[in-house]
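Student: Residue numbers (UniProt numbering): 1 to 280. Dropping the structure in here first, questions after.
Encoded structure:
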């Protein structure tokens, strides 16, 4: 995995700036620790449901006893099981037919190793003919251009989860990790607001970047130079912010839980109205 390009705000500062930089770092740490966010299992379930690609690890048949990794596209079914469209010609397909045990690693931000990383362990099971139509529809909903799934050498497999592990905040003061059972994973819900991340963040970053910055400054008390909205869920949104040449991610909680897309707009407007008097 690539080394993160996101720097801690304590990096690359001169001696004269050390005091102010340390203070900003302390503000960031204090804010991040108390900011409302989804429970880890819900964040995991949501991220996997909306992800498109991951690292599949299988037991190599050619090099017995060694793991083999492949980048694969996938989509999750209604129960959270990753679905793969695999070719009989692919090495990982041959591995799975010989040994169904595998893992799928998914990184929320492949360029930032401090962000959420998920590893799902499970067994890859061939999808039956009676389930193929529904599984194919779920896969094509995420990968509409995957016309090749109808080729004769392709079949669908479903990874039945056994355990799901996560880690976040690597090399930071906000390190978190843990694992969940199949039952806990299955019981978790996909956050209903996360699906609106792309249209909302695109609009905010294009037309309201200064407003986002004002909100972040008000909520965190950190004098950020910019704030780029990354994604959102029912409890808040995440931004990549900058301060004196350093970049870092911040969690910005909503005043209350958002119930739908319209409510997200209402909450952001409320937050901006609250922020403006203090900043101005």
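Each residue gets a CB set at the ideal place from its N, CA and C atoms; glycine is no exception.
In chain order, what are the residue ranges of uninterrupted beta strand (DSSP E) at least 3 long that sit wholly in the UniProt domain "DUF2470" (198-271)?
Tutor: 226-233, 236-243 and 246-253
Student: According to the neighbour-count rule (16 or more other Cβ atoms, all chains shown, within 10 Å of its Cβ), is residue 161 buried or exposed?
Tutor: buried
Student: Which of the three DSSP states, helix, strand or coil, is assigned to residue 92?
Tutor: helix
Student: Do residue 268 and residue 193 have their C-beta atoms closer together than 9 Å?
Tutor: no
Student: Quick one: any contact between the segment 119-131 and the segment 86-106, if contact means 3 or more CB pairs under 8 Å?
Tutor: yes
Student: Does DSSP put residue 108 in a helix, a strand or coil?
Tutor: coil
Student: Specify, as a first and last residue, the run of the alpha helix (DSSP H) that residue 291 falls within.
Tutor: What is shown of the chain runs 1 to 280, which leaves residue 291 out entirely.
Student: Do you know whose CA, among 231, 246 and 51, lies nearest residue 225's CA?
Tutor: 246
Student: What does the alpha-carbon distance come out to for the pair residue 208 and residue 254?
Tutor: One Cα belongs to residue 208, the other to residue 254, and the distance between them is close to 17 Å.
Student: Could you check which residue in 178, 237 and 141 has the C-alpha nearest to that of residue 200?
Tutor: 237
Student: Among 116, 84 and 30, which has the Cα closest to the Cα of residue 46?
Tutor: 116
Student: Restricting to Cα atoms, I'd like to know which of 232, 248 and 40 is closest to residue 180.
Tutor: 40
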